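**Student:** Structure provided below as structure tokens; questions to follow.
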Amino acid sequence: MPRIAYVNGRYVQHNKASVHIEDRGYQFADGVYEVCEIRHGLIVDLTRHLDRLDRSLSEIRIRPPMSRAALVQVIREVVRRNHVKNGLFYLQVTRGVAKRDHVFPSADTPASLVVTAKSTDPSVIARKNASGIKAITVPDNRWDRVDIKTVGLLPNALARQAAKEAGSQEAIFIDPRGMVTEGAATNVWIVDAEGNLVTRPAEHGILRGITRTTLMDVAKVLGISIREREFSREEMLGAREVFITAATSICFPIVEIDGISIANGHPGTISEKIRSAFFDIAEKTAI
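In short: position in the sequence shown from 1, add 3, done, that's my numbering.
Shown next, in the form of structure tokens:
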């Protein structure tokens with residue numbers, strides 16, 4: 004069956020979907036996006052993802068392209084038409100199509116909306132969880148407003164490419180003070196010597212990940228303590244566990260960073276407990 008995409012009011016074949024060459028997302032990265040997991044035919048954490056979408060749109064002053072109720076119906080329809088039971092949907096909103104100019108177009112310019120969905124293989128994620136993944140560290144050279152989930156991801160793409168060329172799966176940004184910020188597409192966690200979960204506060208310098216937020220709910224249910232504080236590259240390398248979180252992978256254990264083994268070089272038990280309990284505790288929305 005061909006994949007189906009939603010593009011500005013129309014459901015079209017994915018390989019024929021297109022946007023205008025003067026769409027501001029294409030020319031200025033003037034837009035935001037969300038990615039949401041679909042598991043066992045249910046959308047995970049939809050409310051929190053759409054709340055963050057609303058915040059991102061507000062922060063860069065783009066009017067929502069439609070009501071939330073209408074958007075949820077579009078998302079459901081795209082997922083259904085693509086027969087996704089395990090996978091993800093991606094949605095992107097830009098400021099729309101207008102003559103190229105750095106200043107905003109007129110207020111009546113409609114925002115552009117694209118929604119796609121695809122199936123993924125759960126066994127691939129399971130294998131990564133079983134073996135753990137590798138990461139490298141890179142200097143954080145991104146813009147200051149990484150709390151907004153914009154489509155301006157060139158530094159992230161360059162970091163991920165550097166990771167791939169180094170035989171790793173993620174790049175972890177380090178700020179000028181030597182402190183960990185986040186991954187190229189993930190939030191970063193460590194388990195300290197006392198068994199506490201530690202992650203950087205989300206007030207500045209990182210994106211407030213939805214999986215990050217729900218993981219905190221999971222940790223409370225499991226009785227695992229959390230510390231929101233900064234931590235250095237050196238502390239990360241000496242941690243009992245390191246893992247990363249993202250909507251499409253929940254939490255991947257990291258067993259090596261910059262060629263240095265983390266703890267005994269195997270996935271840890273705390274990330275496994277959290278991963279096992281996550282789906283039961285997260286919000287689930289029927290398709």
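The beta-carbon is built from N, C-alpha and C at its ideal position, and this holds for glycine as well. Computed from a prediction, not measured in an experiment: that's the story for all the values here.
With a threshold of 6 Å on Cβ separation, who are the neighbours of residue 37 within its own chain once the five nearest residues in sequence on each side are excluded?
**Tutor:** 52, 56 and 94, listed in sequence order.
**Student:** Under 8 Å, do residue 285 and residue 155 count as touching if we go by C-beta distance?
**Tutor:** By the CB criterion at 8 Å, residue 285 and residue 155 fall outside the cutoff.
**Student:** Just list the residues that DSSP pairs residue 259 with in beta bridges.
**Tutor:** 137 and 264
**Student:** Start and end of the alpha helix (DSSP H) containing residue 159?
**Tutor:** Judged by DSSP secondary structure, residue 159 falls within the alpha helix (DSSP H) whose first and last residues are 157-168.
**Student:** Straight-line CA distance for residue 1 to residue 114?
**Tutor:** No answer is possible for residue 1: it lies beyond the span of the chain, which begins at 4 and ends at 290.
**Student:** Would DSSP call residue 239 helix, strand or coil?
**Tutor:** Here DSSP, grouped into helix, strand and coil, assigns residue 239 to helix.
**Student:** Below 8 Å between beta carbons: does that hold for residue 138 and residue 168?
**Tutor:** no
**Student:** Who are the near neighbours of residue 291 in its chain, counting only those whose CB is closer than 8 Å to its CB and skipping five residues on each side?
**Tutor:** With the chain represented from 4 up to 290, any question about residue 291 goes unanswered, as that position is not in the structure.
**Student:** Can you look up residue 68 in the DSSP assignment and give me helix, strand or coil?
**Tutor:** coil
**Student:** Do residue 200 and residue 243 come within 8 Å of each other at the CB atom, strictly closer than that value?
**Tutor:** no
**Student:** Could you pull the start and end residues of the alpha helix (DSSP H) that residue 250 belongs to?
**Tutor:** Careful: residue 250 lies outside any alpha helix (DSSP H) and carries neither H nor E.
**Student:** If I measure Cβ to Cβ from residue 17 and keep anything under 6 Å in the same chain, skipping five residues before and after, which residues do I get?
**Tutor:** So the qualifying residues of the chain are 6 and 8.
**Student:** Is residue 174 helix, strand or coil when you go by DSSP?
**Tutor:** strand
**Student:** Alpha carbon to alpha carbon, what distance is there between residue 267 and residue 63?
**Tutor:** 44 Å
**Student:** Please determine if the segment 244-262 and the segment 221-228 are in contact, where contact requires at least 3 C-beta pairs separated by less than 8 Å.
**Tutor:** no
**Student:** Given a threshold of 16 other Cβ atoms within 10 Å of its Cβ, counted over all protein chains shown, does residue 26 qualify as buried or as exposed?
**Tutor:** buried
**Student:** Count the C-beta pairs between the segment 38-52 and the segment 74-90 that are closer than 8 Å, then say yes if the count reaches three, no if not.
**Tutor:** yes
**Student:** Does residue 179 come out as helix, strand or coil in the three-state DSSP assignment?
**Tutor:** coil
**Student:** Have a look at residue 260 and residue 195 and give me their C-alpha separation to the nearest angstrom.
**Tutor:** 16 Å
**Student:** Just to confirm my understanding: we take residue 148, look at its own chain, exclude 5 residues before and 5 after, and list those with CB closer than 8 Å. What are they?
**Tutor:** 62
**Student:** Going by Cα to Cα distance, which pick from 238, 30 and 34 is closest to residue 153?
**Tutor:** Answer by Cα proximity: 34.
**Student:** For residue 59, is the classification buried or exposed, using 16 other Cβ atoms within 10 angstroms of its Cβ as the cut-off for buried?
**Tutor:** buried
**Student:** Over the uninterrupted alpha helix (DSSP H) stretch that includes residue 107, give me the two end residues.
**Tutor:** First-last for residue 107: undefined, no H or E at that position.
**Student:** Could you tell me which of 256, 179 and 143 sits nearest to residue 129, measuring between CA atoms?
**Tutor:** Residue nearest to residue 129 within the set 256, 179 and 143 is 256 (criterion: CA-CA distance).
**Student:** Let me check understanding here. Comparing Cα to Cα, which of 165, 281, 277 and 206 lies closest to residue 184?
**Tutor:** If we check each option's Cα against that of residue 184, 206 comes out closest.
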